[in-house]
Every structure is written in C-alpha cells, then in structure tokens.
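First up is the structure itself, then whatever we jot down about it.
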Amino acid sequence: MDGRLAVFQNYEHKKTDDKSPAQWRSARSLRRHRRNILLLALVVLGLAFWHIFHTHSTVVHLAQRRESVNSKADAHKRHEGLHRPSSKVPASEKLSKLRDAVKDPIINTDGGNAEANVRQRQEPSEEQKGSEMTEDHATGPEPDVPTKQKPILDSPGADEDKQSAARRNQQKEDSEEDQNPNWIKGPVRVEADLDTNHEKEPVLSAPDVESKQKVIEAEPDEHLVLEETAENLPEIIHIPFEEAVKSHVLEGWEDDWISHGRFDSDKWTLKEPRIDFVYLWVNGSEEAFQETKHPFELNSILNDAEGNWISSHGVNRYRDWDELRYAVRSVEKYAKSFRNQIQIIVNSVKGTKAGKQVPTWLNDKPSTRDIVKVLAQEEFMDRKAQACLPTFNSLTIENQLFNTPSNTDYMFALSDDMLLGKTHSASDVVSPLLGPVMGFKTNQYNTIHPPNEDDAHRFGEKPFLIYTSWLLNRRFGQRKRKGQGHFGHALSRSIMREAIGSFPGPELQSTCKRFRGEPGFQLYSWFVTFHYLIERYREAMLWSLIMLRSDVDGDGYLSWDERRTLMSALEAGMKNEGKAAFRTRNFYHVRKHLENAGLAAPKVNTDFLWTSLDGPSSFMNLECAEFEVNECLGPGFSISMSGYQGKNPSFSTAVIFERVARNKPQCGDCLLKVVLNQVKQGLSPILPDEKTQAAERELAVKALMRYKYTIVEPNGLFTMLTDAEQIDKMLVEKYVRGKTPVPGQLCLNDDVATEEESELVDIQNAMSEFYQGLFPEKSDFER
Numbered sequence: 001m002d003g004r005l006a007v008f009q010n011y012e013h014k015k016t017d018d019k020s021p022a023q024w025r026s027a028r029s030l031r032r033h034r035r036n037i038l039l040l041a042l043v044v045l046g047l048a049f050w051h052i053f054h055t056h057s058t059v060v061h062l063a064q065r066r067e068s069v070n071s072k073a074d075a076h077k078r079h080e081g082l083h084r085p086s087s088k089v090p091a092s093e094k095l096s097k098l099r100d101a102v103k104d105p106i107i108n109t110d111g112g113n114a115e116a117n118v119r120q121r122q123e124p125s126e127e128q129k130g131s132e133m134t135e136d137h138a139t140g141p142e143p144d145v146p147t148k149q150k151p152i153l154d155s156p157g158a159d160e161d162k163q164s165a166a167r168r169n170q171q172k173e174d175s176e177e178d179q180n181p182n183w184i185k186g187p188v189r190v191e192a193d194l195d196t197n198h199e200k201e202p203v204l205s206a207p208d209v210e211s212k213q214k215v216i217e218a219e220p221d222e223h224l225v226l227e228e229t230a231e232n233l234p235e236i237i238h239i240p241f242e243e244a245v246k247s248h249v250l251e252g253w254e255d256d257w258i259s260h261g262r263f264d265s266d267k268w269t270l271k272e273p274r275i276d277f278v279y280l281w282v283n284g285s286e287e288a289f290q291e292t293k294h295p296f297e298l299n300s301i302l303n304d305a306e307g308n309w310i311s312s313h314g315v316n317r318y319r320d321w322d323e324l325r326y327a328v329r330s331v332e333k334y335a336k337s338f339r340n341q342i343q344i345i346v347n348s349v350k351g352t353k354a355g356k357q358v359p360t361w362l363n364d365k366p367s368t369r370d371i372v373k374v375l376a377q378e379e380f381m382d383r384k385a386q387a388c389l390p391t392f393n394s395l396t397i398e399n400q401l402f403n404t405p406s407n408t409d410y411m412f413a414l415s416d417d418m419l420l421g422k423t424h425s426a427s428d429v430v431s432p433l434l435g436p437v438m439g440f441k442t443n444q445y446n447t448i449h450p451p452n453e454d455d456a457h458r459f460g461e462k463p464f465l466i467y468t469s470w471l472l473n474r475r476f477g478q479r480k481r482k483g484q485g486h487f488g489h490a491l492s493r494s495i496m497r498e499a500i501g502s503f504p505g506p507e508l509q510s511t512c513k514r515f516r517g518e519p520g521f522q523l524y525s526w527f528v529t530f531h532y533l534i535e536r537y538r539e540a541m542l543w544s545l546i547m548l549r550s551d552v553d554g555d556g557y558l559s560w561d562e563r564r565t566l567m568s569a570l571e572a573g574m575k576n577e578g579k580a581a582f583r584t585r586n587f588y589h590v591r592k593h594l595e596n597a598g599l600a601a602p603k604v605n606t607d608f609l610w611t612s613l614d615g616p617s618s619f620m621n622l623e624c625a626e627f628e629v630n631e632c633l634g635p636g637f638s639i640s641m642s643g644y645q646g647k648n649p650s651f652s653t654a655v656i657f658e659r660v661a662r663n664k665p666q667c668g669d670c671l672l673k674v675v676l677n678q679v680k681q682g683l684s685p686i687l688p689d690e691k692t693q694a695a696e697r698e699l700a701v702k703a704l705m706r707y708k709y710t711i712v713e714p715n716g717l718f719t720m721l722t723d724a725e726q727i728d729k730m731l732v733e734k735y736v737r738g739k740t741p742v743p744g745q746l747c748l749n750d751d752v753a754t755e756e757e758s759e760l761v762d763i764q765n766a767m768s769e770f771y772q773g774l775f776p777e778k779s780d781f782e783r
C-alpha cells in the first residue's frame, strides 16, 4: 500500500475517537482564533464606511467650489466686456473661443495642460555656474522609469505643493470631460499678433490657482503644428549601413588602406580637400535687427511683466566688436590655399536693401560674391523649419548648418569670435585618409536617466550636453562622452545630416526654439555629430565582424562552426593582449601617412591622440586581460551542443550585435581589440573575406571610410573677455607688443558685464588694437 494513502486512512480512523485534553485545548484555541478574525473584519468594515463617506463629502465640496468659481469667471467676463474698448476682443473671450478651435490641450507630466503650464524659465543659480563637469552625470527619476518617456519639463515658476497640484488636476479632468470628452493631445492654436501695443493674453488657469497674468507665446499655426508633430515623432531611429553608404563610390585605394594601413603612392594620387568656412554672425546693435527681434521678445514665453528678461538677456550674445572682419582676414591670411567659400549666416531684417544683415565693410564686387555668401536663415533652412523662423537662438541655427548650399561636403564651422592664429593645412581640419579632426575638453557626460528641470537650469551649454548625452546613451549604450572643444568644428555635411536626423523628434523640437532658454531641451549639434561619428565607426566594425565576416552562410545565425572560428580568432589575439608595442599606433605616424599620399602635413593640430585606423577611440586606456565568451557573446556560445542541430535564437547575429554594440559596450570594445591583436596594423581581421565575400567586404570598407575620424589636442587659446585692462594685459601686451607667437586658433568670448558707455568704448578700442595688431591688412572682400 502507498505510504501516503496509509497515513490518510489512519487519520480518518482517529477522527472517531474520544478527544483527549490536548485536543480540547486545541479546540478552545481555534475558537479564540475565529473570534479574532471576526473582530478584524468589523474594523475593516468600519474603515471602509468612513472612506466612502469622506470621499462623497470631498466630491460635493469640489463640485460646489467649481460652480462658485465658474460663476465668478462669468461675472469677470461680463465686467471685462463693459470696460474694454470695443475695437479689441477681450483676451478671456479669445481664449474661450480657442476651446472650440483647439485640437487638444498639451498634456504635461503632472496631468495638467499646456494652457495652465506656460511659465518663464528661471536664471541659473550661482552654484550651477561652477566648473566643468568631470564625473558621470546620472540624473532624473529612479531606474524603474520607462526609458521611452520623453523629458518634458514642468514650468519652473510654480511652487504649489503636491496636494494642491493633485486637486487642480482632478478639477481639470472633471471640467474637460464635461466640456469636451473628445479632446486629445495637441497645442492651443493662437494666431500670431506681433503688434507691440497689443494686450498680453492671460494664460488659462485652474480655478483654485491664484489668478496671474502671464504671456502666451503667440505663434503662427504652422509653428504650433510643427511642435505637435515633433511630439509624435520617434526620438531615435536606426539607419542601416546599406542605406547610409548607397551613394558612396570607392576609388580603389580604400581597401588596402583600411585593411593594412597602406597607401600606394605610385598608383594613386589624392587631392587636398576644399573646405567651407561657415560663420554665425549677428550685429545686435543694428537698429533694423532690434526692430525685427523686439516683437518676438514681447511675445516670448520667457518675457516677464517687469521686462527684466528683455533688458538683460543676450546682450553679450548679440553685441558686435567687429570680430567678423578680422576673422575673415585670418582665414585669407592662414587658410586661403584650401578655403572654398566663406559663408556668413545672418538674420533677415526689415527696412534694409538686402532684407538681411550684411556686414557694412563687405564690398559688392562679383569676385567677392563668388566666394563670400551671406545667407539668411530662410535661404538654407529646410522647409519644415521655415515655420519657426526667424530664430535668435544659435543652437537652432547650428542644427541646420548641414543644409547650407555648397559644392563640397566639408565645412569648418565657427562663431564670429573665433580666428585663426597660424598658417593651416587642410589636414588641420580634414583629410581624405583620416577624416575630420576633432578636439574635446576633459569634462565628460553620461546621462543615465531622463534630464529633469534642475538640469535645464544648469549654466551655459550643460543642459544641452546632458540631454544629448541621454539620447546618445539610449542609441549607442552607456558610456562617458567628452564635451567638444570651444574652437572651430570640422564637419561633414552628410554625416551631420545623418546624425541629427537619427533623432527626429528632438531635431524638430530644437528647430522651434526661437530663443535660448525656452522650456525644453535642444540637441547640441557639435556634441551629437562628433559622438555619432565615433559610435558609428565602432558599430561599423562590429557589424562587419559579426553580421558579415562571421556569418559565412548569411543565414542570420552563427552555427557551431562559425562560432568556433570566431573563438579561434579571439584565442590568437589574446596571446598579444597587453603588449603595448605589438600593434602599430597610427596616431604616431600621421605626418608620414599624409605626406606619403601627397598631402600637406598638419601645421597647427599636430598633437594627435587617436585615429580611427587604430580602431574605435574607446580602445584608449582599455584593458582586456580577460574576455568571457559566454558572458559577452551569449550563454552557451562556447558549447558545441548549443544550437548544434538548428538555429538557436541566442546566436542570432542581430542578438549578438545588439548585445556587444549597445547592451554591453565594454564587451564589444574588447571583442574588437582582441580580434585585431592578430595583426600588427590595419583592420583586416574584422573584414569579410576578399574572395568569398567580396560584396560584403565592399560594403564594410565603404562604411569604415564614411565614418573615419581623428582626435587631437587642439592648439588654441580660449579667453573670456571682461574689461579693457584685461584685454590690454592678456592679449595686446603679450601678442602685439611682446610678439609672443600666437596659438593656432583663438576664441575670444564676450563676457563683458558693464553697460557704462565709457567702459564699452575703452573695450572697443582695446579690441581694435589687438585685432589690428594681428591682422592689419585688408582682405580682398572689404570696401
């Protein structure tokens, strides 16, 4: 008989026996237990009745209060109608009509709508104006917040407590359901009225919030529709390599260069690239510019009742010390041999012959017009951006520079306060072998959580670096990324277009920021382009190794034989790991490589830190003493029985690529580094076989040539200008009177705080003495 069955039968038999004293004690204990349960149930029931009664009272109270407030609002409307001039429609009536024409109210993160949440941005605190960030930046909500949540900023002007906010949200939800149950997400439509004498519209407020007159940013319908469109676009898209390189044509030398780091100068000849110099320029003191900008300032969401923002914002951002004249002189003196066009990006203005700002010193000769192109925003920004013009925000303009028309792909983008200080070669900016030259600061950003309101109020460029770091982390995986140097930026128009276009929602949102400091974040064009280029090169290497070379049969999975081949390569490369001198470090041989190809060697940026021919820049200071195959490439990767007879999803090339490219970045870095350790120079170990995978190999070479780059320690001087005495001591006395050699590039940033006319005249004179001392000869483009 089964043991369990025997015990059960014995228990049934004992149930009929007389109860012992112990059994009686057990029965009393059971009765007490039942009594306790009954008492607990009564307590819970009482609490439930209390909760129902309290909730009912609260709802009645809110309904009565809402009815009272609505009646007061109606009375206020009648009062406005009696006291306003008949020629003007009361603002309250305008906003009431908007409810019928509106598509939907923008839902904010606290449950409110945009009508009640348009508030001005605060100035950054003194603590936020500190030194550069040098450590990881982890910001935002706790890790369990969904990563797809967009970082929408609450307006910084409100300090209501949580209970008040919750009550207000409940009232708005009830009110919206009563008025229009079909409202969905979208903007309030407001016709632009830039008449400076026009009344300022009050923002719709929740009934229990203190009434306060605030300014609505009056924008055309197209602008508002564009902002709504941006909200519905994806934040990130992935562009296939096949799509990215489809228009590229190889000349024939590229395979040998990428594979072995060799260039056959007897067979091939390279030409020096032509490079556009692109300047952002504004003359903020010009009356026509002031008249164009002022109505938009009045209608800006940043405007305040006291007018403090208008009187203080961007004085130094728009002030002109005649820098552009001398910046152009420096290009003609030190870069004329490879300069293509000089493009000057300006604002359109009313009341001028050209309809846009034009430097007064620029002549109108045909030879000048062939080289110097003065481009208003409307002349190059794409069709979508036209609805948001004009803009007075340099970040917005910079995000569209790839659209400037030209017959060359490469440009050197500068502000008008940046000058060249020494003779340059084209290779100081870009070369056909090694790509664009990039410089970085020491500050690093690694934003793990969505940026928050505190991040938006950090000083200077930090909000945009933090936000763009967050997007790059989500696209390419978490890692520290350095901020770009504050000098000229070497850019490929096609790469910049791809980089910014990979973030469609943020790109369009950035387009609609008319003034710097408006609510929300913006893509930082230089930061996103530089690091996109670096990351795409790394991705191209991993794609070539995993998706092309290792997947010999092209079925999308790595069989046991294919996995064993990759592990053999890792085993061979691991023997040379840790030998610093085994791999040739091409960044030590840049001059030799360029001169061998018939190109001029760099004259300014000669301190090379890395070239992409050495691998991704993440190799710098990377140690790979151990490489756990099953941890990095997938559980069971090294076991023959895993997927031996079929296609194991764990060994899908797409899964492995995602794992090493984004989810485990260090695994991807070490995979590439160890595999490359098989050879002294070049990237041949990660390329498809040249005989059996010729088409795949060509694709890989095209991708690696497209995303090549070089990193340098820039030869430059960055100075914050504060007063005439400082300028005379640090610049004039040292470089003009003292004849000290001038650095390769100069950035003289306006940090002048005074508004005293006499002090400004002294500063102007000191600046003129410095500029005239360095560049006394006129360029051919001056009157």
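According to the UniProt record's numbering, the stretch in the sequence shown is residues 1 to 783, in order. Glycine is no exception: its CB is placed at the ideal position from the N, C-alpha and C atoms. Just so you know, these numbers come straight off a predicted model, no measurement behind them.
Residue burial classification, residue i (beta-carbon count within 10 angstroms, cutoff 16)
{"i": "residue 594", "result": "buried"}
{"i": "residue 424", "result": "buried"}
{"i": "residue 37", "result": "exposed"}
{"i": "residue 582", "result": "exposed"}
{"i": "residue 768", "result": "exposed"}
{"i": "residue 669", "result": "buried"}
{"i": "residue 407", "result": "exposed"}
{"i": "residue 641", "result": "exposed"}
{"i": "residue 588", "result": "exposed"}
{"i": "residue 238", "result": "exposed"}
{"i": "residue 639", "result": "exposed"}
{"i": "residue 373", "result": "buried"}
{"i": "residue 716", "result": "buried"}
{"i": "residue 266", "result": "exposed"}
{"i": "residue 420", "result": "buried"}
{"i": "residue 511", "result": "buried"}
{"i": "residue 740", "result": "exposed"}
Three-state secondary structure assigned by DSSP to residue i
{"i": "residue 580", "result": "coil"}
{"i": "residue 440", "result": "strand"}
{"i": "residue 670", "result": "helix"}
{"i": "residue 252", "result": "coil"}
{"i": "residue 343", "result": "strand"}
{"i": "residue 385", "result": "helix"}
{"i": "residue 659", "result": "helix"}
{"i": "residue 435", "result": "strand"}
{"i": "residue 481", "result": "strand"}
{"i": "residue 542", "result": "helix"}
{"i": "residue 371", "result": "helix"}
{"i": "residue 425", "result": "coil"}
{"i": "residue 641", "result": "coil"}
{"i": "residue 396", "result": "helix"}
{"i": "residue 239", "result": "coil"}
{"i": "residue 42", "result": "helix"}
Presumed contact (8 Å Cβ cut-off) between residue i and residue j, rounded CB distance
{"i": "residue 270", "j": "residue 432", "result": "5 Å"}
{"i": "residue 661", "j": "residue 471", "result": "Contact doesn't hold; Cβ gap of about 16 Å is too wide."}
{"i": "residue 749", "j": "residue 719", "result": "7 Å"}
{"i": "residue 533", "j": "residue 500", "result": "With 8 Å as the limit, residue 533 and residue 500 do not qualify as a contact, their Cβ atoms being about 12 Å apart."}
{"i": "residue 400", "j": "residue 382", "result": "7 Å"}
{"i": "residue 441", "j": "residue 482", "result": "6 Å"}
Bridge-paired residues (DSSP) for residue i
{"i": "residue 718", "result": "747"}
{"i": "residue 411", "result": "276 and 491"}
{"i": "residue 700", "result": "DSSP output for residue 700 lists no bridge partner at all."}
{"i": "residue 740", "result": "None; residue 740 has no bridge partner."}
{"i": "residue 705", "result": "Partner(s): none; residue 705 has no beta bridge."}
{"i": "residue 782", "result": "362"}
{"i": "residue 356", "result": "348"}
{"i": "residue 802", "result": "Residue 802 lies beyond the range of the chain shown here (1 to 783); nothing can be said about it."}
{"i": "residue 376", "result": "346"}
{"i": "residue 445", "result": "481"}
Considering only residues of the segment 553 to 634, which uninterrupted beta strand (DSSP E) runs meet the minimum length of 3 residues and lie entirely inside it, listed in chain order? Correct list: 608 to 611.
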